[in-house]
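Residue 345, in numbering that gives the first Met the number 0, is where the sequence shown stops; the numbers in between run on with no holes. Where a beta carbon is used, it is the ideal one built from N, C-alpha and C, also for glycine. Input: a single structure, listed below in structure tokens.
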Amino acid sequence: MNEPHIIDLRSDTVTQPTPAMRQAMAEAELGDDVYGEDPTVRRLEEMAAERMGKEAAVLVASGTMGNLTSLLAHCGRGDEAIVGDEAHVLHYEAGGVPALGAIQLRTVPNDSHGMLDLDALEATIRGKNVHFPRTAVVCLENTHNRCSGGVLSPEEMAAVARVARAHDIAVHLDGARIFNASIALGVPVTALTEHVDSVSFCLSKGLSAPVGSVVCGTAEFVAKARRARKMVGGGMRQAGIIAAPGIVALETMVERLAEDHEHAALLANGLAQMPGLRIDPARVQSNIVVVEVREGVAFQKRMREDGVLISAFGPDRLRMVTHYGVTRADIERALACAGRAIGQAA
Ligand SMILES: Cc1ncc(COP(=O)(O)O)c(C=O)c1O
């Protein structure tokens with residue numbers, strides 16, 4: 000009998016490129032992108048800028064490099080960037096922004112779906128005083144990874160931007176999963192990005208491309224980000240090889256994210272029925288399901304032994320992410336495994 004396949008819910012970064020992406024890679028027209036001569040990269044960058052409603056774009060190697068180059072472009076050494084206390088850039092980017100940019104990260108609280116507390120934001124922005132660092136930028140994250148894939152509405156994004164503008168501060172969006180936010184809300188991506196000066200989005204998560212993120216903003220900002228990319232070693236030569244599947248991702252993989260969101264809701268509703276697991280399914284707005292379970296490490300191990308991989312934010316806080324390649328039947332099997340895993344714990 001065939002062994003059941005592994006269901007990998009650790010992240011949407013595990014997605015494999017589609018056959019059309021592999022073909023596009025094989026056929027991509029290439030040049031030296033550091034000289035600005037790769038036509039496929041240029042096409043992707045134009046397409047990305049247009050989708051985000053911005054003047055220009057630059058392809059970078061990863062979401063981490065997208066945030067780093069954006070903050071290097073917005074800030075000088077000793078400047079301060081305000082981030083949510085649950086932000087990806089704060090928790091999972093190896094401290095690169097302070098280490099490499101001499102940029103101080105200062106936090107304000109994120110609420111349960113990733114919104115910043117506006118009063119705290121206002122209070123955190125520095126006044127002009129020789130003792131203080133300069134507050135240069137406020138960072139948002141939409142959807143919000145550590146906040147259960149929470150989605151910020153256009154109104155929430157506008158509210159943050161209003162506070163920032165009043166103090167002459169830029170707004171950067173970590174939009175690693177901005178298309179998930181747009182699909183979840185049923186609004187165009189530009190309804191979300193119009194409020195920010197810069198946005199970095201990932202091709203390699205739910206959109207299933209193998210590598211890459213794109214940073215978008217004004218032409219002047221993108222020129223600075225491009226220079227920062229070179230500085231951190233991210234100038235890539237025949238990068239059309241990775242831009243080509245990125246183009247396929249933008250053309251073919253956005254609308255299907257709705258399916259991942261349905262699967263996440265199904266998973267969350269099923270988990271909510273199980274005694275011993277704490278989850279509010281109403282908080283699951285996109286493709287990320289966060290569940291609290293006592294002795295999470297043991298639960299995660301039992302799930303793995305049963306063929307379902309999940310990740311952890313902490314010992315009792317687990318994350319499951321739906322994505323391309325995970326079917327409704329997989330979710331049903333994952334739920335059955337969770338039932339067994341929690342049953343063994345009881
Ligand atoms: C919200 C968010 N921003 C940025 C990143 C970084 O992306 P990468 O892993 O490509 O560096 C991630 C990755 O999971 C993420 O979830």
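Inter-residue CB distance, residue i and residue j (contact presumed, cutoff 8 Å)
i	j	result
I241	V210	4 Å
A224	A47	That belief does not hold up - the Cβ atoms of A224 and A47 are roughly 13 Å apart, past 8 Å.
R346	G338	Residue coverage of the chain in this structure runs from 0 to 345, which leaves residue 346 outside it and unanswerable.
V33	R236	6 Å
C336	V307	5 Å
I309	R318	7 Å
E92	N66	6 Å
V213	L58	6 Å
F312	R133	Not a contact, Cβ separation roughly 32 Å.
F38	G234	First, the residue type needs correcting, since residue 38 is Pro and not Phe in the sequence shown. Contact doesn't hold; Cβ gap of about 17 Å is too wide.
V247	F178	Between F178 and V247 the Cβ distance is about 14 Å, and since that is not below 8 Å, they are no contact.
P244	A23	6 Å
A135	D78	4 Å
R125	A101	Going by Cβ atoms, the distance from R125 to A101 rounds to 16 Å, so no, they are not a contact pair.
T106	L89	7 Å
V159	A180	The pair is not a contact, with the Cβ atoms about 14 Å apart (cut-off 8 Å).
A190	E54	Incorrect: roughly 18 Å between the Cβ atoms, too far for contact.
L172	V188	Incorrect: roughly 10 Å between the Cβ atoms, too far for contact.
V325	H262	6 Å
R41	L249	Not quite, the Cβ-Cβ distance comes to about 14 Å (not below 8 Å), so this is no contact.
M64	A208	15 Å between Cβ atoms; not a contact.
S147	R277	Wrong, their Cβ atoms sit about 12 Å apart, outside the cutoff.
First and last residue of the uninterrupted beta strand (DSSP E) at residue i
i	result
M319	R316 to V320
F200	S197 to C201
Residues that residue i bridges to, as DSSP identifies them
i	result
C138	H171
G36	Rather than Gly, the amino acid found at residue 36 in this sequence is Glu. Partner(s): none; E36 has no beta bridge.
A311	L317
G216	A55
G342	Note: G342 sits in no beta bridge, so no partner.
G149	H143
Chain D within 8 Å of residue i, Cβ atoms only
i	result
E26	The displayed structure is made up of one protein chain only, and chain D is not part of it.
The alpha helix (DSSP H) enclosing residue i, as first and last residue numbers
i	result
Q15	Per DSSP, Q15 belongs to no alpha helix (DSSP H) and is neither H nor E.
I5	Neither: I5 is in no alpha helix (DSSP H) and is coded neither H nor E.
F131	From DSSP, F131 is part of no alpha helix (DSSP H); its letter is neither H nor E.
S61	First-last for S61: undefined, no H or E at that position.
A190	V188 to T192
S207	No alpha helix (DSSP H) holds S207; DSSP gives it neither H nor E.
A183	I177 to L184
Ligand 2 heavy atom lying under 7 Å from the CB of residue i
i	result
C146	Ligand 2 is not among the ligands present in this structure, which contains only ligand 1.
Worksheet item: Can you list, in chain order, the stretches of the beta strand (DSSP E) that have 3 or more residues and sit fully within the segment 64 to 125?
Response: List check, beta strand (DSSP E) in window: 79 to 83 and 103 to 107.
Worksheet item: Which residue spans inside the segment 225 to 305 form an unbroken alpha helix (DSSP H) run of at least 4?
Response: 239 to 251, 256 to 271 and 295 to 304
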